[in-house]
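Novice: Residue numbers for the sequence shown follow my numbering, so the first one is 348 and each next one is one higher.
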Amino acid sequence: ASLLPTYVFGGTDFYHNLATGQGLLSRLCRKYRIGITIFWGRLFLPIPYLPKVTMCVADPIPVKKWEGPGPIPAEDIENLHNTYVKTIYDLFEKYKNIAGYPNATL
Numbered sequence: 348a349s350l351l352p353t354y355v356f357g358g359t360d361f362y363h364n365l366a367t368g369q370g371l372l373s374r375l376c377r378k379y380r381i382g383i384t385i386f387w388g389r390l391f392l393p394i395p396y397l398p399k400v401t402m403c404v405a406d407p408i409p410v411k412k413w414e415g416p417g418p419i420p421a422e423d424i425e426n427l428h429n430t431y432v433k434t435i436y437d438l439f440e441k442y443k444n445i446a447g448y449p450n451a452t453l
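Structure representation (structure tokens):
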């Protein structure tokens, strides 16, 4: 099996979202440990906007099947996670100018 690292530039522009930031709803959600998302698109309906979206895909990361006794060693999981995060970061840095986000950071 493989992991396919993918990053979507503009993926948060499909809808407006009331629950982001430091507003009252966000604070209440954190306080009571619940997730409430109020979102809307075109005409204040759940019809998405049509933003410019750029999807970038990296080379697959091979994942070895664990066949040993017991759980997967934490070191193997950590190494795979680090590889995935670095690949996503590199993908972002490589394509952010082309996608129209030259000053964006992860």
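Here a beta-carbon is modelled for each residue, glycine too, at the ideal position from N, C-alpha and C.
Which residues bound the beta strand (DSSP E) around residue 356?
Specialist: 353–356
Novice: Label residue 378 either buried or exposed according to how many other C-beta atoms from any shown protein chain fall within 10 Å of its C-beta, with 16 as the threshold for buried.
Specialist: exposed
Novice: Look at the alpha carbon of residue 364 and the alpha carbon of residue 414, and state the distance between them as a whole number of angstroms.
Specialist: 43 angstroms
Novice: Are residue 390 and residue 410 touching if we call contact CB-CB under 8 angstroms?
Specialist: no
Novice: Can the beta-carbon of residue 357 be found closer than 8 angstroms to that of residue 398?
Specialist: yes
Novice: Per the DSSP calculation, residue 364 is bridged to which residue(s)?
Specialist: Answer is 386.
Novice: What does the Cβ neighbour count give for residue 451, buried or exposed, with the cut at 16 atoms within 10 Å?
Specialist: exposed
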